[in-house]
Amino acid sequence: MGTVINEKGWQAVKSGAMATDTVVNTGAEGGPDAENGDTGQFVRGNAVRTTINKNGRQIVAVEGTANTTVVYAGGDQTVHGHALDTTLNGGYQYVHNGGTASDTVVNSDGWQIVKEGGLADFTTVNQKGKLQVNAGGTATNVTLKQGGALVTSTAATVTGSNRLGNFTVENGNADGVVLESGGRLDVLEGHSAWKTLVDDGGTLAVSAGGKATDVTMTSGSALIADSGATVEGTNASGKFSIDGTSGQASGLLLENGGSFTVNAGGLASNTTVGHRGTLTLAAGGSLSGRTQLSKGASMVLNGDVVSTGDIVNAGEIRFDNQTTQDAVLSRAVAKGDAPVTFHKLTTNNLTGQGGTINMRVRLDGSNASDQLVINGGQATGKTWLAFTNVGNSNLGVATTGQGIPEIRFQENSCSNGKGLSLLFTAVLNY
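Here the sequence shown stands for residues 1 to 430, where the numbers follow the UniProt record's numbering.
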């Protein structure tokens, strides 16, 4: 009774025995969920009113029970048996296969993780708390308060209530889920989600072959998908949709870690890529309408891409993801002679808003490079062009013909003379 377990200390509560008011300050030094078993508290009997502080760990064995436990930041509780009335004040609770946790309260920075085969019942997630239910895990009668986070997939079972009412995730279908403050729902292939609210800090990820309808995305939310998924709903710009059958997407808003990949044969029209958003295009993917890249946004080209509309760039366009930020900042020549496939971006119009286009060239007389083609329209505004040498540095070798054609204007196309500016990077720093 009233035992304090400090560094390298260990308490074993045997079957049929009881420990009360124990304070655990050791056991978690091995890292999250590491069951070293020779420090901390190991419970085969009953542990009541245990306090787990930073670096503390309580392991509840299959035959053990822990009742009225408080876990603070840096401490955790590992449950193979039964945990009742646990409060997570910044600490973690891991519910393993066969383990059960009942009436857990997850407060700010607390985290309950229900693993495959684990069960959590009557969990309450308060503001800034997090409930994670892995594939094959189950959480029932959950109360998710505003500002609390749910992280799960359609391969898990989760039922309960949130600020919009009752919600369910079961049998591959999700209904009425609210995602915010680090919450995330993964809708897997062949599964579906309906009436999902993705609020500030929330993420909805829909796999190819997955379906999410009646989605509401607010400012600060993130969508992760490709043109093989089916998604429809509203975002801050209005209605948006992805048709997984045709591969066509319209009205997407990608920000806050959100991303969309246009597969071969797919099309993205009227796309806005905001801060920390990424639009990726495979070879044969295409754009139409207005493609807007805000500051901090990225567009990655993994093959030849055609835009039949306008590209407005305040962010970064890069070819095949070969030009890294470090290479640009250091102005270093990318060395080596590895095979490189160069790509071409063709667009009707390019409007620069201080953004950058990162292109690759070979300075070895081969005249090879990525290309930007303005087809029938104009290049206006200000765009920085950054070049990185991806071939051998055979400096002094003359190019032939018309040199290295990185930028081309097709017939009836023009530039105002100020639309494209050279960023002095690796290609000129030899």
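A virtual CB, placed ideally from N, CA and C, is assigned to each residue, including glycine.
query	result
Taking the beta strand (DSSP E) that G64 falls in, what are its first and last residues?	Here G64 belongs to no beta strand (DSSP E), and DSSP marks it neither H nor E.
Using only alpha-carbon positions, find the residue among Q146, L84, F387 and G265 that is nearest to I317.	F387
In or out: K54 buried (at least 16 other Cβ within 10 Å) or exposed?	exposed
Tell me which same chain residues have a C-beta within less than 7 Å of the C-beta of G45, skipping the five on either side of it?	V13, K14, S15, G16, A17, M18 and G64
Determine the extent of the beta strand (DSSP E) in which K130 is found, giving its start and end residues.	K130 to V133
Please name the residue in D21, D76, A155 and Q58 whose C-alpha comes closest to that of P32.	D76
Going straight from the alpha carbon of Q322 to that of L267, what length do you get?	Residue placement at Q322 cannot be trusted, given a pLDDT of 44 that sits under 50; what the coordinates show is reported in the next sentence. In a straight line, the C-alpha of Q322 is about 23 Å away from that of L267.
Which partner residues does L363 have in the DSSP bridge list?	In DSSP, L363 forms no bridge with anything.
Let me make sure I understand the geometry here. Which of S298, N263, G257 and E255 has the alpha-carbon closest to that of I242?	N263
Assign V390 to one of three DSSP states: helix, strand, or coil.	coil
Assign L164 to one of three DSSP states: helix, strand, or coil.	coil
S259 by DSSP, collapsed to three states: which one?	strand
Can you name, in chain order, every residue of its own chain whose Cβ lies under 6 Å from the Cβ of A205, other than the five neighbours on each side?	D186 and I224
Quick check on the burial criterion: 16 or more other C-beta atoms within 10 angstroms. Buried or exposed for L287?	buried
Exposed or buried, which one is A334 when buried takes at least 16 other CB atoms within 10 Å?	Caution applies to A334, whose pLDDT of 40 falls short of 50 and renders its modelled position unreliable; the model cannot decide the point.
What separation, rounded to the nearest whole angstrom, lies between the Cα atoms of V373 and D200?	38 Å
Using 8 Å for Cβ pairs, my map puts A149 next to G182. What's the rounded Cβ distance?	4 Å
Return the CA-CA distance between G233 and S259, expressed in angstroms with no decimal places.	16 Å
Cβ atoms of T104 and T86: under 8 Å apart, would you say?	yes
For the beta strand (DSSP E) containing N6, name the first residue and the last one.	First-last for N6: undefined, no H or E at that position.
Can you tell me whether E7 is buried or exposed? The criterion is at least 16 other CB atoms within 10 Å of its CB, across all chains shown.	exposed
Specify the secondary structure class of H124 as computed by DSSP and reduced to three states.	With the sequence shown as reference, residue 124 is identified as Thr, and His is not the correct amino acid for it. It is a strand residue.
Can you tell me where the beta strand (DSSP E) with V206 in it begins and where it stops?	T203 to V206
Closest to S153 by CA distance: which of G247, V169 and V60 is it?	V169
E189 and G210 look like a contact to me (Cβ under 8 Å); what is the Cβ gap, rounded to whole Å?	6 Å
Let's test the definition: count the other Cβ atoms within 10 Å of the Cβ of M359 and tell me whether it reaches 16, buried, or not, exposed.	buried
Starting from E170, follow its DSSP beta bridges and name the residues at the other end.	N173
Could you tell me the alpha carbon to alpha carbon distance between A66 and V151, rounded to whole angstroms?	25 Å
Is the beta carbon of H96 closer than 8 Å to that of K118?	According to the sequence as given, residue 118 is Gly; it is not Lys. Going by C-beta atoms, G118 is nearer than 8 Å to H96.
Hey, out of V273, Q292, T341 and Y94, whose CA is closest to G352's CA?	Q292
Just the Cα atoms here: how many angstroms apart are A212 and N173?	10 Å
How many whole angstroms separate the CB atoms of T383 and N313, which I take to be in contact at a CB cut-off of 8 Å?	6 Å
Enumerate in chain order the residues of its own chain whose CB-to-CB distance from S250 is below 7 Å, with the five nearest sequence positions on each side excluded.	F240, S241, S269 and N270
Have a look at S294 and A236 and give me their C-alpha separation to the nearest angstrom.	15 Å
Find out if the Cβ-Cβ distance for the pair I59, Y72 is shorter than 8 Å.	no
Distance check for L144 and D175, CA to CA, integer angstroms please.	14 Å
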